[in-house]
Amino acid sequence: MTRPRFLPDNFTLTLVCVVTLASLLPATGQVAAGFGWLTNIAIALLFFLHGAKLSRDSIIAGAGHWRLHLLVFGLTFVLFPLIGLALKPVLSPLIGNDLYMGMLYLCALPATVQSAIAFTSLARGNVPAAICSAAASSLFGIFLTPLLVALLLNVHGDGGSTVDAIVKISIQLLLPFILGQIASRWIGGWVGRNKTWLKFVDQGSILLVVYGAFSEAVNEGLWHQIPLWELGGLVVVCCIFLALVLVASTVLGKAFGFSQEDRITILFCGSKKSLATGVPMAQVLFAGSTIGVLILPLMLFHQIQLMVCAVLAQKYAQRKESVPELMGQVDP
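Residue numbers (my numbering): 1317 to 1648.
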């Protein structure tokens, strides 16, 4: 049977089911502790596989587009936070202080890797540059996100220090990634051949973290703290943020004279925020706090960005080849 277009993808539906399960049957006591250990193992495996399947040749091929990477980094780590701060007088009354803090946390996160590359490829953009830019954003985010969180939210991690938070995030995320890169010479081919079913490791780790986070939040009275109108306002706010960054990336890409392939890469890499990185980071940065409310904006934004970017990628994919594209025009 053909899947109805109005239905979200399977992962989104599963994510909704997990949030519902956590709302009805939240994990408590030893069960919650067991989920915590299982989640840490799954996240380490996730970043190990990310390191193993990321081609060094692709990274080297895309590394030369430094102007493109600087613009993507500016959108990800500068424009997003500035929008979050500038809209505080509107956002805080509309969605409440807790969800606004979650939006600021979203603004501090790095870009996605997989979906940014996938959409760039579908839209016939500069894929090597997308691989390099998305991977670099994810790695630099390990260091930049805690600093931005400290500036925007005045949070320094559970050790009381931004440096402590960076060290713990590096151990949890960066170390497995580096080990994966080292192991890629032996298992990289196997990972590439089995990426279809290995995606369940990615999705499974996210679902475990979301279940644990929302279980803790429900036990603390999450759904009694957030009125329905604030949730509706949050959806609108996420759409506004995404629209602003999409417009900015398009305008700036043209203003700086990038080719259309590069502009596509900038669009899909500069407008994304990573759920896979953001959720485990929240566990470190906000340890001892209820992170369910803080990651709720990220979860909604993640799904909205996937749906919107899927439509945009299809639109770009259907465009006719222009003369510069046929000639292989490359940004200097």
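We treat Cβ as the ideally placed atom computed from N, Cα and C, and that holds for glycine. Bear in mind that the values here come from a model prediction, so they are computed numbers and not experimental data.
Rounded to the nearest angstrom, what separates residue 1495 and residue 1540 at their Cα positions? 43 angstroms
Own chain residues within Cβ distance below 8 angstroms of residue 1530, not counting five before or after: 1334, 1335, 1338, 1339, 1342, 1538 and 1608
Put residue 1463 into one of helix, strand or coil per three-state DSSP. helix
Kindly list the residues whose CB is nearer than 7 angstroms to the CB of residue 1620, restricted to its own chain and excluding five residues on each side of it in sequence; keep chain order. 1554, 1555 and 1558
Would you kindly check if the distance between the Cβ of residue 1366 and the Cβ of residue 1429 is under 8 angstroms? yes
Considering only the alpha carbon of each residue, which of 1487, 1594, 1593 and 1578 lies closest to residue 1444? 1578
In whole angstroms, what is the alpha-carbon distance linking residue 1368 and residue 1410? 43 angstroms
Name the residue from 1612, 1459 and 1507 whose alpha carbon lies nearest to the alpha carbon of residue 1551. 1612
Just tell me which of 1349, 1435, 1449 and 1489 has its CA closest to the CA of residue 1630. 1435
Pairs of beta-carbons, one from the region 1384–1396 and one from the region 1562–1573, closer than 8 angstroms: are there three or more? yes
Is any heavy atom of the ligand GTP found at a distance shorter than 7 angstroms from the C-beta of residue 1480? By its list of ligands, the structure shown contains no ligand whatsoever, and the ligand GTP lies outside what it can speak to.
Going by the CB atoms, is the gap between residue 1616 and residue 1431 shorter than 8 angstroms? no
Ordered list of alpha helix (DSSP H) runs contained in the region 1520–1591, each at least 4 residues: 1538–1541, 1544–1571 and 1576–1586
For residue 1625, which of 1384, 1395, 1361 and 1587 has the nearest alpha-carbon? 1587
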